[in-house]
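Chains A and B, in that order, are what the protein sequence lines are.
Following our numbering, the numbering of the first sequence begins with 36 at its first residue and continues without gaps.
Following our numbering, the numbering of the second sequence begins with 36 at its first residue and continues without gaps.
No residue lacks a Cβ here, since even glycine has one placed at the ideal position from N, Cα and C.
In what follows, a structure is listed as structure tokens, so that the remarks can point back to it.
2 protein chains.
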Amino acid sequence: MTKKNNTVTSTQTPLDEQELKQLHAYWCACNYLAAAMIYLQENPLLRQPLAKEHIKKRLLGHWGASPGLSFMYIHMNRLINKYDLNSIFLSGPGHGAPGVLAPVYLEGTYTEVYPDMREDEEGLRRFFKQFSFPGGIGSHCTPETPGSIHEGGELGYSLSHAFGAAFDNPDLIVTVAVGDGEAETGPLATAWHSNKFLHPIRDGAVLPILHLNGYKINNPTLLSRITGQELEDLFSGYGWQPYFVEGDDPMVMHQQMAATMERCVSEIQSIQQQARAGGNASRARWPMIVLRSPKGWTGPKQVGGHKVEGYWRAHQVPLANVHSDEQQLQQLEQWLKSYQPELWFDQQGKLIPELKALAPKGLRRMSANPHANGGLLRRDLLMPDFRDYMIAVTEPAKSSAMNTKPLGCMLRDIMRLNSNNFRVFGPDENTSNKLDAIYEVSKKLWLADYKPEDEQGGELSPDGRVLEMLSEHTLEGWFEGYVLTGRHGFFATYEAFVHVIDSMYNQHAKWLAICEELPWRAPIASINLLITSTVWRQDHNGFTHQDPGFLDLVVNKSPLVTRIYLPPDVNCLLSTADHCLRSHNDINVIVADKQMHVQYLDKDAAIKHCTKGLGIWEWASTDKGVEPDVVMVGCGDIPTKEALAATAMLREYFPDLKIRFINVVDLFRMTPAEEHPHGLSDSDFDSLFTKDKPIVFNFHGYPWLIHRLAYRRANKNLHVRGYIERGNINTPLELAIDNQIDRFSLAIDVIDRVPRLQVIGAHAKQSLRDKQIDCRHYAHEHGVDKPEHNNWVWPF
Amino acid sequence: MTKKNNTVTSTQTPLDEQELKQLHAYWCACNYLAAAMIYLQENPLLRQPLAKEHIKKRLLGHWGASPGLSFMYIHMNRLINKYDLNSIFLSGPGHGAPGVLAPVYLEGTYTEVYPDMREDEEGLRRFFKQFSFPGGIGSHCTPETPGSIHEGGELGYSLSHAFGAAFDNPDLIVTVAVGDGEAETGPLATAWHSNKFLHPIRDGAVLPILHLNGYKINNPTLLSRITGQELEDLFSGYGWQPYFVEGDDPMVMHQQMAATMERCVSEIQSIQQQARAGGNASRARWPMIVLRSPKGWTGPKQVGGHKVEGYWRAHQVPLANVHSDEQQLQQLEQWLKSYQPELWFDQQGKLIPELKALAPKGLRRMSANPHANGGLLRRDLLMPDFRDYMIAVTEPAKSSAMNTKPLGCMLRDIMRLNSNNFRVFGPDENTSNKLDAIYEVSKKLWLADYKPEDEQGGELSPDGRVLEMLSEHTLEGWFEGYVLTGRHGFFATYEAFVHVIDSMYNQHAKWLAICEELPWRAPIASINLLITSTVWRQDHNGFTHQDPGFLDLVVNKSPLVTRIYLPPDVNCLLSTADHCLRSHNDINVIVADKQMHVQYLDKDAAIKHCTKGLGIWEWASTDKGVEPDVVMVGCGDIPTKEALAATAMLREYFPDLKIRFINVVDLFRMTPAEEHPHGLSDSDFDSLFTKDKPIVFNFHGYPWLIHRLAYRRANKNLHVRGYIERGNINTPLELAIDNQIDRFSLAIDVIDRVPRLQVIGAHAKQSLRDKQIDCRHYAHEHGVDKPEHNNWVWPF
């Protein structure tokens, strides 16, 4: 992997005069559209003298990054035409949409998707007016933008999305504009290392163009203010081959950009050809471009004596006072006319054929490339029968197993059956999470250096399809990019640290919610998140690793896309995973711990239970055919075990107590049917949970989440236990006691809440409290829980 | 800023034979302690043959990073002694605590803080047993660890914490071990750029030691498997001067490390002296070390035929089967004895004086340095009188102002009064957030390159004290490091993107909760987070910028440290900010939008209102002296305005309707007093909110949060409106309507819930619905809301 001379290819002039002229004209047309959509609601081609009434009342939008984005876009167009490339375009800079919407419109895709935005003067007017206008579209590359798989509303994920798109798409070149603002974020800073996971044979390529636009909202960007040597060192150090295109004279810059992009494409092709001819994958030094161009390039140089072009003042609306300042209005007109729209649009308002010819055709247009509407390419996963991985459970709650281990076997076989459209992601933890069976079929991708000891069970391979890196951000970004381009995946991660990607979850959920309203966006595979190493088993990790709060975040997003499952055992986990891997446009969050746990349901019972999402476990209940005294609920693996153990003790103390035992797998069943598609109707809810009997609900997460879901239900006699932020280095039972989700606390809760037990239960309560104290003493003396509790099984 | 030759200083031998021997002996003692604390509960100095009963039943702990951490620690000790340095030590690698706890114990601090962990055999036994043992301490550098300000339970923040500690501590050298696992995370990857914010005159230094330990749990680390040239390029590109120490022979490595660390310290001093002599600050190329040493260094080379030292198998407990495998037990004894504890501990079990002499003394010990117990150094902020920034409000709800602007003035003067222990942090948004008055006193720190246009209002200065970078992770990390070392700060950020630091919030809240239980940890200043650019004002940003869900996360953490305030106007915001900036050990979240808003309370009323945290606004109520028909609640600036406007309309429709209007500033007042120190007693709650009258609660965030806080209250007739995830490019009123927090929806809610209005209100309801439709039409036509709604004031 040699390092080449970094070159500013300024002396090359690959464009002949005609081509240069046309390319520049096309760019002028783009810039005209980008500027005009910020301002105009009438008079779209300036066929009348510009007047205030032509201008939107409220000026919203972002000019700064737009010319540079169009510049990249149309230079890629040139190469798509020249080499028949298959490419998509991701725009990382915040609010650069005008620079992308412009070429998308010019190549006709916008009109194809939104027929009322015709390619004529009236269509242009509508196209302009809707931009950043109530009821219209935003100033990011939102899902409404044809060709976009990356909105960029929150910064930092463009590069990881790009890599996700490139995986297993050997012919695709993902062109990704990285903003120099977003380049300061952590997720972006580590995403440059994604090049160590790009397989030159089976994957496509990512061509990052770092846009040194120079400024954020009010500040210079860090990367635009370090030395050229530092920039070159930094990207060489990240393992890239950087090329620099720098300047502000459009004619010179067109030549430089054309030469540099051509060089990059040719290097990409040569890396791929070499690897593919030899059949040996190793890490390559892929090319990238650093484009240093002025912010607000070609816009007003000065406004009111203040520098605008090449300064942060160009970030949003360069001439903000056109309504009140006659001079600014004139300046706006001059600026817009400087792009000479009259030359590029014909009488009808349509782009002239000479320029139209520059755009790629059909599906080669980046805006119409099906990879950017990945649902079109999605093939359903070939699924093994999940029943084949289920374990024998002859009697409920009499045996134990590792809950995630059989899932590893199922994932292994899914990987086997879907060799080029399924990936498993994890931050260095798939073995720790007991999913390691998967390595029998596909090891961990490793393209960097090898050492002799890697043979010894390192599970590394240059052809592995499991992606592990210690960055949840990068993994989630890859995963999203992968499903957005029509493929499938599975991501297992530590419960406490899934919060690292809270914000990415929010953004993806919002993306999906908007897609649900866009019939032209074909459904994509769901994001499947297995949350494991959960709060209740942190014996050696302690307090920092105890956080079940991701669920509280999940429930905030659109019910159209949010799903939460807490399968209590192996067979329920398999049934749930099968369902999730077949689903579309959802974010499925599955909570299941990786360690040994009691097994409850046999195959048929598990499938039936998971299909219903919740249900009474008759074998654990004593309310046969009558209204119970109390409803005991378990939700989650460990909470279910403790709730059952409490039930068992209560039976001993109070043989005639009528307990109904319910287990909840599908958390959204708790919410009313009007609020979530999985919500249970009120009548079904009442018949299960009763209208007024005490419910003691033992929950995996923070207890108030259950109140949040069920507050509209008739039964207000709901008492929830869950994690209440008490913990340290504890044995499992001690941790349960500290948070009162343990069997003793639950039994006491029942005694306190069933009126007829309140007097006769005093003795039992004291005995339960003594047992709690005894358990803690034992743990502190021996470092482990009493075997009788650890190995507890249903005693009846 | 020149780049030096990177040197592996292997040829230098700064240690004479005696010093080398002693240093190595000290390291052996450390390694003995680190290994022994993982295994032993008895026989701490191996004075009896090792038997199974001496060994903890459950073996938990992490050996892998420990020897390297002790190695760095004691080499820093040497320089502290030699140059009388003032240093603290941050351990980034996960689970490296044994390698830090060992030298902390040996230098006596552990015993001073925990007297029952004496410096004798019994003290050692207790010290060993408590490690990773129920009721004991964890395997991270938890708050219980003297000298720690960084637990490292979640990875990625060591470097930003280190910089926060170094700011405004000109004499301090923060030694920070960065794990090569955590170096893959985004937050860490961008934190290397913090060197562009370190002021060589007024700040101290950060000496990062990147520990190329080679492996994570199960995988090689990326940075350990790229070429040396790439490593050098990467860190040069980040602007550092990297030095490499590589090998596994302890005697050679001691010399290398001693030479390299000495060189680094001397470069740090020379950079500082030069800048301080000249009085001119510019960006420096600070030194850093890359230490490549085997994982589990000096531990078992092989176990059962598998490579352990220098491999991922050394990550946790290298000999895991000592209870069942006699051979492993023997191997353990040999391993432990290889450190020759009998030579380093005297008859009593105390470190021998020759070695004791190697540790720094008193407060120069990194474990006893007061900077690592920052509350000891904390001076209360000198505060201006917040009343001086309050605005005149002659009548409630009759005028408007920008809510955050006066706060900017107050922060400006706090900055003026506290020139070396107060910082303001923001991701490129302080001007956008209207806090720019602060620049009158202190501009934005900028040490990188300048351009001529920076003079033009760029607000940059090499001596600025406002820190802006487009990385919420880095800002929060700096802020935490800054307060953990005894200073104060303020962080203003976009509401939707505060989720970027969800996980950091979780970790800091957990740190603080544990500190509350440690009397020796002096209270530190609170984290003050101003959440602005809120969900309700995203006219041009759209759906991705709408997310008030951070509060749902905040409420999950310990009530001892969580505080949430939603001041509705300028004067309440000032009163709240004043309170927060004076508080300790809390995380204060203040939600306030930056734009023009209606003003409600004059100075005295605001102070009284904020002190109570909530209260009835008599001027907006019509229930004088009697039980109301309905309680209308506003919580947050915009929801309060809409709730008031609804109240005003209801008065017109139903002149005899008895409305009580309540505003809530301190959100935790909603929760019972038993659950949060700010919780309102049930009797006070009932007298304010009534026991059964309908409450229409208009909330800033997701509505269910109010149910979560108030579900135990008697009044179940609670109806909450808030953000329900509906939005796009909307005018403010249109967005309110979409989420039903608008005046019309609220008035309809009241009509629906007050029994006697249900029939007579039909006409009013229809009229309200018509008005909603009309508002939406107007917005879609004009791009703005009707002026009568935008400029609404209280009409009575």
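I'd like the span of the beta strand (DSSP E) that includes residue i, first residue to last.
i                 : result
Met667 of chain A : Val665 to Cys670
Leu753 of chain B : Leu753 to Arg756
Thr597 of chain B : Thr597 to Tyr600
Gln276 of chain B : Gln276 to Glu281
Is residue i helix, strand or coil by DSSP?
i                 : result
Leu207 of chain A : strand
Thr466 of chain B : coil
Pro832 of chain A : Outside the displayed span of chain A (36 to 831) sits residue 832 of chain A, for which this structure offers no information.
Val570 of chain A : coil
Met539 of chain A : helix
Met36 of chain B  : Note that Met36 of chain B scores a pLDDT of 49, beneath 50, so its modelled location is shaky; the value from the coordinates is reported in the next line. Three-state result, Met36 of chain B: coil.
His406 of chain A : helix
Can you give me the start and stop residues for the alpha helix (DSSP H) that residue i sits inside?
i                 : result
Glu823 of chain B : Pro822 to Asn825
Asn26 of chain A  : As displayed, chain A neither begins before 36 nor continues past 831, which places residue 26 of chain A out of reach and without an answer.
Val139 of chain A : Ala132 to Leu141
His228 of chain B : His228 of chain B -> no alpha helix (DSSP H), and no H or E assigned at all.
Gln307 of chain B : Pro285 to Gly313
Gln22 of chain B  : Shown here, chain B extends from 36 to 831; a query on residue 22 of chain B therefore has no answer.
Ile697 of chain A : Unbroken run through Ile697 of chain A is the beta strand (DSSP E), Ile694 to Val699; no alpha helix (DSSP H).
Glu662 of chain B : Note, Glu662 of chain B: premise wrong, no alpha helix (DSSP H); not H, not E.
Let's test the definition: count the other Cβ atoms within 10 Å of the Cβ of residue i and tell me whether it reaches 16, buried, or not, exposed.
i                 : result
Ser305 of chain A : exposed
Ser780 of chain B : buried
Asn825 of chain A : exposed
Ala86 of chain B  : exposed
Pro138 of chain B : buried
Gly314 of chain A : exposed
Lys643 of chain B : exposed
Ser610 of chain B : buried
Pro84 of chain A  : exposed
Leu495 of chain B : buried
Ala392 of chain B : exposed
With a Cβ-Cβ cutoff of 8 Å, do residue i and residue j count as a contact?
i                 : j                 : result
Phe734 of chain B : Pro830 of chain B : no
Leu792 of chain A : Phe689 of chain A : yes
Gly187 of chain B : Gly129 of chain B : yes
Leu480 of chain A : Phe232 of chain A : yes
Glu219 of chain B : Thr579 of chain A : no
Lys751 of chain A : Asp664 of chain A : no
Ala640 of chain A : Ala782 of chain A : no
Please identify the residue among the options whose C-alpha is closest to the C-alpha of residue i.
i                 : options                                   : result
His157 of chain A : A:Arg556, A:Lys385 and A:Leu442           : Here residue 157 of chain A is Glu; the residue named in the question, His, does not match the sequence. Of the listed residues, the one whose Cα sits closest to Glu157 of chain A is A:Lys385.
Tyr374 of chain A : A:Tyr61, A:His632, A:Ile536 and A:Ala612  : A:Tyr61
Glu551 of chain A : A:Thr597, A:Pro822 and A:Leu207           : A:Thr597
Thr48 of chain A  : A:Ala293, A:Gly191, A:Glu302 and A:Gly339 : A:Ala293
Ile473 of chain B : B:Phe457, B:Tyr485, B:Met539 and B:Gly660 : B:Phe457
Phe592 of chain A : A:Pro554, A:Leu636 and A:Asn541           : According to the sequence shown, residue 592 of chain A is Lys rather than Phe. Cα-wise, what sits closest to Lys592 of chain A is A:Asn541.
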